[in-house]
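Here the structure comes first, spelled out in structure tokens, and everything after it is commentary.
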Amino acid sequence: MIVLDTSVLVAALLGPAHLSDAIARRLGTERVVAPELVDIEATGLLDVLAREGTVSPEAAEHALRALATFPLERVSPAPLVARVWELRAELTAHDATFVALAESLGATLVTGDESLAKTAKTAAARCAVEVIG
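Using the UniProt record's numbering, read the sequence shown as starting at 1 and increasing by one per residue.
Below you can see the structure in the form of structure tokens.
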């Protein structure tokens with residue numbers, strides 16, 4: 001089982017041109033979980049990518065439609081609040097939610113964000129963090 005962060009999810013939603021072989025392999029072989037806030041984060045990231053011209057508005061809209069059917073188990077972050085609070089000195093609440101979920105499930109957090117991976121180590125995250133992209 002893996003906890004997928006927003007950076008990897010958006011790469012997967014944008015399709016093969018944005019999806020590395022490493023991401024594709026992980027998504028094809030693992031149970032994929034994320035906190036429910038991933039949908040809002042993905043929407044925001046797709047908006048930023050479209051506004052800055054990294055992807056076309058049409059590609060962003062297509063990815064947003066694909067989000068609704070992406071094979072991802074969404075988990076309520078409510079039970080994670082205490083751990084998110086404990087991690088606040090090093091991580092944003094959003095990043096801490098992904099870390100706390102991975103910890104609670106005994107899963108690996110898969111991210112495309114090297115900074116998040118380094119900060120999670122500094123914050124003494126109790127989960128493995130894998131950077132792919």
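Backbone N, C-alpha and C define an ideal beta-carbon position, used for all residues, glycine too.
Computed from a prediction, not measured in an experiment: that's the story for all the values here.
Grouping DSSP H, G and I as helix and E and B as strand, with all else coil, what is L91?
Coil at L91, not helix or strand.
Please state whether the Cβ-Cβ distance between I23 and V8 is less than 9 Å.
yes
Use the C-beta contact count for I40: other C-beta atoms within 10 angstroms, 16 or more gives buried, fewer gives exposed.
exposed
Out of E114, A123, S56, R74, state which residue places its alpha-carbon closest to the alpha-carbon of A89.
Per the Cα distances, A123.
Applying the criterion that 16 or more other CB atoms from any shown protein chain within 10 Å of the CB defines a buried residue, is G28 buried or exposed?
Exposed, by the Cβ-count rule.
Starting from residue 139, trace the alpha helix (DSSP H) both ways and give me its first and last residue.
In this structure the chain extends from 1 to 133, so residue 139 is not present and cannot be described.
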